[in-house]
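Visitor: Chains as they are written, first to last, in the working numbering: chain A, 1 to 148; chain B, 1001 to 1662; chain C, 2001 to 2498; chain D, 3001 to 3318.
Please read through the structure below; I'll follow up with questions.
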Amino acid sequence: MPEEFEPKIVAFFCNWCTYLAADLAGTSRIRYAPNAEVVRVMCSGRIDVQFILKAFAKGADGVLIGGCHPGDCHYQEGNYKALRRYRLVQRLLPQMGIEEERLRLEWISAAEGDRVRVVINEMVETLKRLGPLRKAEGERAADLVEVA
Amino acid sequence: MPDREVRIGVYTCHCGTNIAATVDVRAVAEFAAALPHVVLSREYKYMCSEPGQDLIRQDIRDHNLNRIVVASCSPHLHEHTFRTALKVGGLNPYYFHMVNIREQVSWVHTERAQATKKAKDLVRAAVRRVGLHEPLERGRVAIHPDVLVVGGGIAGIHAALTLANAGKHVFLVEKEPTIGGHMARFDKTFPTLDCAACILTPKMSAVRAHPNITLWTYAEVTKVDGYVGNYKATVLRHPRYVDEDLCSGCLQCLEACVYKQAKVPDDFNLGLSKRRPIYIPFPQAVPQVPVVDPETCIQFKSGKCKTTCIEACGERHAINLQAESKVEQIEVGTVILATGFQTFDAARTPYYGYGRYPNVYTALEVERLVNASGPTGGEVVMRDGRKPQTVGIVHCVGSRDENTHRWCSRVCCMYSLKLAHLIKEHTGAEIFNFYIDIRTPGKGFEEFYQKLLNEHVHFIRGRVAEVTDWVFDASEEGKLVIRVEDTLAGFVRRIPVDMVVLATGLEPRADAAEVRRLFNISCGGEGFFLERHPKLAPVNTFTDGIFLAGCCQGPKDIPDTVAQAGAAAAEAMALIDAGYVETEPNTAHVDEAVCCGCKTCNSMCPYHAISLVEEIRKSRVNEALCKGCGTCVAACPSGAIRQNLFEDEEIFEEIEGILSNA
Amino acid sequence: MPTTTRRITIDPVTRLEGHGKIEILLNEDGAVDRAYFQVPELRGFEKFAQGRPATSMPQITSRICGVCPTAHHMASTKALDDLYRVAPPPAARKIREMVYSAFLVEDHTLHFYFLGGPDFVVGPKAPKAERNILGVIAKVGVETGRKVIEIRRKLRDAISLAAGKAVHPVFGVPGGVSKPLTQEDAAQFRQAAAEALEFAKFTLGVFEKLVLGNREYVDLIRSDLFTHRTYYMGMVDEQNRVNFYDGALRVAAPDGHEWARFDPREYATYVAEHAEPWSYMKFCHLKAVGWRGFQEGAESGVYCVAPLARLNAADGMATPAAQEAYLQFFGALGGKPVHHTLANHWARVIELLYAAERLKELADDPEITDPNVRVLPEEAPREGIGVVEAPRGTLIHHYQSDARGLITKANLIVATQNNAARISMGVEKAARGLVSAAHADEGLLNMVEMAFRAYDPCLGCATHSLPGSMPLLVVVRDRDGTVLSSLRRDGDGGIHRS
Amino acid sequence: MKPKVAFYWCASCGGCEEAVLDLAEAVLDVAAAVDIVFWPVALDFKEADVAGMDDGAIAISFVNGAVRTSHQLEMARLLRRKSKLVVAFGACAQLGGIPGLANLTTASGVLDEVYRDMAVPLRESREDGATLTLPELFDAVFALDRAIPVDYYVPGCPPSTKVVADAFQALLRDPPPEPGTVLAPNQAMCDECPRRDRRPEDVKLARFYGVEERAIDPADCILAQGFPCLGPATRAGCGARCIKGNMPCTGCFGPTSAVRDYGAKALCSIASIVSGNEVEEIDGTLDGIADPVGTFYRYSLPASFLGGQAGNLPHGRQ
C-alpha cells in the first residue's frame, strides 16, 4: 500500500450505553482513532446479522458492536440476543474467509467513555495488522451485469 | 419509499468553535450540497439557537424541503429541539436525522483532515437514510396519578410531602423500621447549627399524619413492571410483629421485655449503645411502633419466653409474634428514587486505626455522641470513659483518594467544622483539623469557617499519613499520634491527641446496583444513579417517569437534597397534571402480509408486547407496551416485523453511506 | 505423425443429459485421423462437500443430477450407513429399494420414450422432426403417449410420499429412512406398481414389435461399427443376478468369464481413474489391467457399465418375466457377452421390466409399513462407501469425515465415467467408419450420436457438472479454424449445408 | 398469435426441467397456450435458431441454472437480448443454488481436488498438432441476475408443480406482476406447514441435533425438537415437501422479499432462540451447528452479501 492503510470500522452502538459512552468520551475530550463511524440503534438486540455482513460486503475492514453490560440492558435482555447472534456469526466468518478479529462485541456502559477509546484504538491496531478485507464477491459480480 | 420527490436540507453546525476548530465545516457543507436529493446545504454558528432553528423553519417554506439533516452535537442533546423546529416549520418531525459531529467527531479527534472526512461520511449516511424516512406520529400514554417514593430520608420525606400537599397520592416505602434516614442521626446541621431533630421530626410526623401518604416502613420494592405512567410495583413488607394499627405507641412492651438490661448493639446509635429485642429505633421514630428483632428475641430462638411484652400490651393485642410478611401490589404513574447513600467504611483505611484503637471514631459516631438523645445523652466521653482533652479531625477519609474514592463528598469539610465546634462546645478540648483543602462553597459556609478560625480550632493542611499509638516521648504517652506532612509549614509533624474523628465520605449504597436494575436506570462510573443530563435534566433518568432525589444521585448537603426532592416532585407533578406522555414512535409493527405466525418474535419481547392473533394466525405488536428496542425485528426470520425509524432499508442505506467511498 | 489439416466439431450433442463435444480431425486425404469426445464442464462437488456434515450429502449430492437424483441420494445414504457403521432395519431397507425401483421404472421409461428410443421406435432413417417423443407418440399412439406421462406421474407421486420429493428426495438418513409408511402410502405404491408392471410388459412388446421385428435395426445393432470387445461391470446379488440397490460388484472379461467379484467397499483396488488434458471427464479403467489408451480387448483396462454391461456381468434376472426376456436377449444376440453398444436399448427395457416386477414384490410386502424404520448410529463416523446401480451404471460415493461427521474427503465415481473410455472409442470408430471431408452428411450425425446415446450417458453426472442439451451442429474446419462447411439440423428436420 | 416461450438450462442439474415435466398432463395445456420456440431438453431447436430471431421476439424466457462458464454467460445474454421477459427459474438461477457452494473455493481449488496427481484439463491443449479447447470456468458461480437483468423469479430446488403452474398463470395474466416479483407466496413456509400449530409459544434451544443423533418425531415442530429447520425463514410455496418427508426445511425457496441476505437472516433468527446468557453455555449449544455456511447458505451463497470466499481471493475472477 502506498500510504499507511487506514482501516474502516462500522460501529453499531446501542442508544443507552455505548452511544452515551461515546458521547461521554466527547464531553471528556478523550482522543481516539477516527476510523470508526457509528450507526446508532436503540438496542444491540436490534443489530441484524444482515447489517454486519452488509458492512463487510461494502468495504468495512471491521465491525464493532457496542451494548450494555450483561444484566444492564435498557431493554432487559436485548444484549443477550446480540451476544448469541455474535457467537454464531463468529463461526460463520472464517468459513467466508473473514478473520474473527474483524468483528468485535464490547459491553460498554454509559459511564465508560475511556473504554470507547481503548476498544477503538485496539481494533484499529488489529485491523492494520490484518490488512484490508478484500472486496466481497457480491461487489465483483455486479461487473457481470454492467458488461452485459 | 416516499411518494413525492425527496428534497433534503442539510445544516452543518459550527457550535462556536467546538466543531469548527477540528472539522472544516465549510468543506462538509459543500460536500453535502453535492449529494443526491440535497437541494440546500448551509453552515451556521449555532444551529440550536433560535435563529438557527428559524433558519430551518424558513427554508422548509422557501425551498419546500421535505427532509432535514442537522450535523451538530449528540442527538441526546438536541434531537428533540430540531424535531420541534420541523414541526413548527410544517414538516413531520420524523423527516429528520441528526449527525453527531461534536461528541463523536470534533471533541475526540485532533487531525483536521481525518475529522472532516469522518464528518462527511456521517453526513452522507444521514442523507441517504433520511430519504427513506416516513412521517410518524407520537403516541399518548395516560399517567396514573399516584407516585411511588422509595426511601424515607429527608429527600423522600420532602418529595412525598410536596406531592401529597399538591393532592397527589404517594406511596412512601422505607427499608428501615422508621423514616428519617441519616438526618435523624444528626445533632445539629451546618452552617446554621439548628437542631436536626427540630426541623426533621415535624416533617416525619406530617408524613405519618398525611391522608395522601401511604407509609410503609420496614418494607422493600421487590419488582417493577410497566412503563412511564403505568408502573406496577410489588412491595414486600417485613413483619415488625407489632401491629401498626393496634399499637398506641405507649412503649410499655419495651419495659416489659424479659431482658432487663438491653443487650443488643443498637444500630441506630452505630453500636455505641444497646437495645432490647423489642425496641424503637429512637424516641421520635415514625411510626411510633416498636419492632421485634427475631434474631435476638428469646421467643423466636427457643419459644420458651414468658412473652411479657404481650402481657404488657394487654387488651390491645398489638403484638403478634406469628405475624408474616405482606406483599402489596400497587400501580403508580411515576417513581421518585431517594434511596440515599452510605458512609465510607473507615476499616478500609487501616492506617487510620479505626477498629484497632478504641478512641478512633467516625464522624457519624460522633454525631450520636454529641446528640442529647444519643448513647451518652450528649456527653462526649470516649470508649474508655475519659473526656477528650485533644481531638484530631481527619478530613477526606474515603474521598479525593486514588485508593478509595476519587470524588469529593462535598459535606465532610462542613460537618467537620460543625463537629469541631460542637466538641469544643461540649468538652472545651483542643481541636486539630487535618485537611487537603477547605471547601465552603455554600451559602453561609465560608462565614462558618471564619467563625471556627476565631474559635481557635487548629487547621493543618496535609493528608494524614497514619494514626498510631507508637509513642516517641512522654508528651505522647497514652495518646494517639497523628503523623502528617504539614504542607504549609513544610515538614512532617506528629500531633498527639486523645480522640481521632475520621471524616468519612459518602458512597453509593451497597444495593445501588440491584435497585438500578430493579428500576431499569443507569449508574455512573462511581456507582451513583445517573441523571439524564448533568445540567438540563439533573433529576430525570433515562427511563421516563423515574426521577432522582438526594444522595442516591451523588453526594450533597441537606439544602441541596431538599431542593432536588422538590424538583423531582415537580417533575412528577408535571407529568401527572399533563395527564399523559407522548411516546417515541420508534416502535415495532408486523407486516401481516408477510408474517407466517411462527411466533419467534413473541418470545423475544421482554414486555410481552407481541402476541399471536389466533383468528388470522399472525403476530401483532401492542404499540403501547412496545418500547422500541427492535430485538424482535432482528429476530423475525422472514423480515415481517419492522421498526419505525430503524427500518432495515434505512440502516442499510446508512451503512452504505458510511462506506460508499471505502 | 500425420499432419491434420481439417477438423469437424460436433458441439454440442443432443438428447443426453449434459454437455458433450466431439472433435474429429481429418488428414490431407480428408479421412478421419483422430476423434475426441470432450466433456467441457466441472462443478467440483468433491471440493465443496468438504466441511459439510456427512448427513447433508444425500441432499447435496442429489443436486449433481436432477434426472437421476434418487440414485445419488441412495448411494450417498448407503455411504452414511457405512460411515456410521449402522444397518437399517428391514422395513427401511425395503422402503429404500421400493422407492429406488419405482425411480428406475420412470427413469428407464424417460430414456426409452424421450431420449434413446426415438432412434429405433421411430427409426434411424426417419425424418429428424419425428425422431423425438412426439414422433414416438405418433408411432405408438397418443394413448400410449398419455400413458407414458401418466405412469411417470403416478410413480413420482408415490416416490414423493416416501421420499418427500421426487426431484431431490430427502428421506435418506444413516441407519434407515426419515419416516415409516402409512397404510395409505402402501396402497398407493401397490396401485402404481401394478400399473407399472403392465406398462413395462407393454413397453417390451413395443420394442419387440418395432425393433426386433425389423431386420435392418437388428443388423444395425449387430454391426461392427457399434461393437467393442471390453470388460463389463455391474452389481449382482448372491445368485449373481442383476440388482440395483445392493450386492457385490462383478466384472466380466471380454470373453465373458468372471474376471472379478468384489465387495463394493474395495472398488479402489479394482478401479482407477485417468485424466486427459482435453476433457473435464475422468476415464475409469481396471487397475490390474491398466490404462492402455482407448483400446479394446483383454489387455486394455477399458470397461463399461449400464444396462448391457449389467446383463453381461450377471447370470440372470431375479424376477420371472425379466429372466425370460434375459434369456431371449442373449439367445437372439449370440450368447454372452454381447459387445454391441446399441443392444443397450434392449437391455434397458429388460431392466425396466425387472424394476417393475421388483417394485411390485416390495409394494406387496406387508413389512413396508412396519413403524421401525430407524437405527440410530452409536459409532463415531470415519469412512463410508456407498454403491448402487444408477440407471446409467455403477455409482460410487466414498466419504471420509472427522469425528463430528464433517466431510474431510469425498470421491464420487459416476456411471458415465465408467463408460467414458468406451464412449470415446465408439465415437472415434463410428466417425472413422462414416465420416470423410467429402462425405460428412446428415447420416453421420445421427449415427455418431447413436454411438453414445445408447449408453444414455449422463455427462452432468460424469462431471458432477451441469446437464443441458444442445442442438447438434457439425462444423468442418481447416486447421486455422476457417469453416469449410457446416451442417445444421433444424427443427423441421431439414439439413442445411452452408 | 400465441406468445413465444423459451426454456433454457444454464448451470443446472436438470431437476428444473423435470419439475416442468412433472406438470404431467398439464404440460400439454401449457404447450397449447404458448408457442415453445426453444427447449433443448425436449425439442430440437437450437442456439442458432435463437440467434436468428429479432431482438425481443421471445415473449418469455425461462432460464434455470446458475452461471459458471463463459458459454453460459453468452447464452444468458443471448436470451436476454431476444426476450421481452426473462424469468430466473429455480434456486440456482435465483440464488446460485447448491453448486454455489463452490464459491467457498475457486476453479483452481476444484481442479486441484478433482485431478490431484493427474493431468489437469486445460483451456487449450495440443493433441497430435491440433488444438483442443474447453470453455472458461469462472472462479465463482453467479446467480442469473448477477449476469443479466431478470424480470421475475420462480423459487425452489426444484420449484414445486404448484408454484410452476401458478407462475405460468401469473405471467400470462394481464397486467403482469410487479417487475422483480418472486412468483410464490411472500410468506414463510411455516404458513403452510402441517405442524405449525405444534410449535410452542416460546422455543428456546439448549441443544441442536443432527439427524444422525436423534430420530425426528413425525408430528411435532421440527425446530422445537432441536433440528435447525429453516421453515420460518424460507418462502412458502413448496407445500412443506421436506416436512412431509419428516426432514427439516433447508431453505431452497430462499427468503421472503422482506429479507436481503437469506443466510444472515436465518442465522440471526436461529441464534435468537438459543438459550443461555453465558458465553460458555451459548457456545455449547452452537456446537450443534457445525457448518454455518452449509446450514444457512446451502442454496443462496452466490446471492448473499459476501457471496462466499472465492470472490475475496486475490486470484478471484476480474
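Using N, Cα and C, we set each Cβ at its ideal position, and we do this for glycine too.
None of these values were measured; they are calculated from a predicted model.
What's the C-alpha gap between Lys128(A) and Phe5(A)?
Guide: Distance between the alpha carbons of Lys128(A) and Phe5(A): 7 Å.
Visitor: For Gly1303(B), is the classification buried or exposed, using 16 other Cβ atoms within 10 angstroms of its Cβ as the cut-off for buried?
Guide: Classification of Gly1303(B): exposed, given that the 10 Å Cβ count is below 16.
Visitor: Can you name the start and end residues of the alpha helix (DSSP H) that His3071(D) belongs to?
Guide: 3070 to 3082 is the span of the alpha helix (DSSP H), which, as asked, contains His3071(D).
Visitor: Using three-state DSSP, classify Trp2346(C) as helix, strand or coil.
Guide: Three-state DSSP puts Trp2346(C) in a helix.
Visitor: Mind checking who Cys1013(B) pairs with in its DSSP beta bridge?
Guide: Answer is Tyr1044(B).
Visitor: Is any beta-carbon of chain D found at less than 7 Å from that of Val2140(C)?
Guide: So no, Val2140(C) is outside the interface.
Visitor: Using beta carbons (cut-off 7 Å, strictly below), is Ala3264(D) in contact with chain A?
Guide: Cβ-Cβ to chain A under 7 Å: yes for Ala3264(D).
Visitor: Leaving out five residues on either side along the sequence, give the residues of the same chain with a beta carbon under 7 Å from the beta carbon of Val1242(B).
Guide: These residues qualify, in order along the chain: Val1289, Pro1290, Val1291, Val1292, Ala1318, Ile1319.
Visitor: Spell out whether any CB of chain C is found under 7 Å from the CB atom of Gly3180(D).
Guide: Not an interface residue.
Visitor: Considering only residues of the same chain and omitting the five flanking positions on each side of Val1088(B), which have a CB-CB separation below 6 Å?
Guide: Only Arg1057 meet the Cβ criterion.
Visitor: I need the straight-line Cα distance from Gly1601(B) to Val1633(B), nearest angstrom please.
Guide: Before going on, a small fix: residue 1601(B) reads as Cys here, not Gly. Roughly 8 Å between the two C-alpha positions.
Visitor: So that I know if they touch, is there some Cβ in chain D lying closer than 7 Å to that of Leu225(A)?
Guide: Residue numbering for chain A in the displayed model covers 1 to 148; residue 225(A) lies beyond these limits and cannot be assessed.
Visitor: Comparing C-alpha positions only, which one of Val1099(B), Gln1342(B), Glu1255(B) sits nearest to Glu1311(B)?
Guide: Glu1311(B) has its Cα closest to that of Glu1255(B), out of Val1099(B), Gln1342(B), Glu1255(B).
Visitor: Using only the heavy atoms of the ligand MG, determine whether one of them is closer than 6 Å to the beta carbon of Leu3223(D).
Guide: Within the structure as shown, the ligand MG is missing, as the structure has no ligands at all.
Visitor: Taking contact to mean 3 or more Cβ pairs, one atom from each stretch, closer than 8 Å, check whether the region 1175 to 1192 of chain B and the region 1576 to 1583 of chain B are in contact.
Guide: Cβ pair count under 8 Å is below three, so no.
Visitor: Since His2339(C) contacts Thr2227(C) with CB under 8 Å, what's their CB separation in whole angstroms?
Guide: 5 Å between Cβ atoms; contact.
Visitor: The alpha helix (DSSP H) that contains Ser1638(B), what's its start and end?
Guide: Premise fails: Ser1638(B) is in no alpha helix (DSSP H) and is neither H nor E.
Visitor: When you compare the region 3244 to 3261 of chain D with the region 1625 to 1640 of chain B, are there three or more beta-carbon pairs, one atom per stretch, that lie closer than 8 Å?
Guide: With a cut-off of 8 Å, the region 1625 to 1640 of chain B and the region 3244 to 3261 of chain D count as touching, because enough Cβ pairs lie within range.
Visitor: Name the residue from Ala2322(C), Val2099(C), Gly2135(C), Trp2346(C) whose alpha carbon lies nearest to the alpha carbon of Ser2160(C).
Guide: Checked all of Ala2322(C), Val2099(C), Gly2135(C), Trp2346(C); the closest Cα to Ser2160(C) is Val2099(C).
Visitor: Less than 7 Å separating the beta-carbons of Ala2343(C) and Leu2333(C)?
Guide: Result yes, Cβ atoms of Ala2343(C) and Leu2333(C) sit closer than 7 Å.
Visitor: Per DSSP, what kind of secondary structure is Tyr3297(D) in: helix, strand or coil?
Guide: It is coil, neither helix nor strand.
Visitor: Work out the CA separation of Phe1082(B) and Cys1048(B) for me, nearest whole Å.
Guide: In a straight line, the C-alpha of Cys1048(B) is about 7 Å away from that of Phe1082(B).
Visitor: Return the CA-CA distance between Val124(A) and Ser1409(B), expressed in angstroms with no decimal places.
Guide: Between Val124(A) and Ser1409(B), the C-alpha separation is close to 39 Å.
Visitor: Please compile the residues from chain D whose C-beta is within a distance smaller than 9 Å of the C-beta of Ser1660(B).
Guide: Per Cβ cutoff of 9 Å: no residues; Ser1660(B) is ~15 Å from chain D at best.
Visitor: Starting from Gln3169(D), follow the alpha helix (DSSP H) in both directions and report where the run begins and ends.
Guide: Taken as a continuous stretch (DSSP letters only), the alpha helix (DSSP H) holding Gln3169(D) covers 3161 to 3172.
Visitor: Name, going along the chain, the residues of the region 2056 to 2088 of chain C whose beta-carbon falls closer than 7 Å to a beta-carbon of chain D.
Guide: Those would be Ser2056, Gln2059, Ile2060, Arg2063, Ile2064, Cys2065, Gly2066, Val2067, Pro2069, Tyr2084, in chain order.
Visitor: So, helix, strand or coil for Thr3250(D), using DSSP?
Guide: In the structure shown, Thr3250(D) sits in coil (DSSP, three-state: anything other than H, G, I, E or B).
Visitor: Out of Tyr2084(C), Phe2048(C), Ile2060(C), which has the shortest C-alpha to C-alpha gap to Cys3013(D)?
Guide: For Cys3013(D), the nearest C-alpha among the options comes from Ile2060(C).
Visitor: Is DSSP giving Ala1113(B) helix, strand or coil here?
Guide: Reduced to three states, the DSSP call for Ala1113(B) is helix.
Visitor: Is the CB of Asp48(A) under 7 Å away from at least one CB in chain D?
Guide: So, interface residue.
Visitor: Phe1529(B) lies in the alpha helix (DSSP H); which residues open and close that run?
Guide: Note, Phe1529(B): premise wrong, no alpha helix (DSSP H); not H, not E.
Visitor: Under 7 Å Cβ-Cβ, which residues of chain B neighbour Ile30(A)?
Guide: By Cβ distance, chain B contributes Val1108.
Visitor: Does the Cβ of Cys2284(C) have 16 or more other Cβ atoms within 10 Å, making it buried, or fewer, making it exposed?
Guide: Per the 10 Å Cβ criterion, buried.
Visitor: According to the neighbour-count rule (16 or more other Cβ atoms, all chains shown, within 10 Å of its Cβ), is Lys1118(B) buried or exposed?
Guide: So Lys1118(B) counts as buried.
Visitor: Name the DSSP bridge partner or partners of Leu1055(B)?
Guide: Paired residues: none, contrary to the question.
Visitor: Mark Ala1449(B) as exposed unless 16 or more other C-beta atoms lie within 10 angstroms of its C-beta, in which case mark it buried.
Guide: The question names Ala, but residue 1449(B) is Tyr in the sequence shown. The residue in question, Tyr1449(B), is buried, as its Cβ has 16 or more Cβ neighbours within 10 Å.
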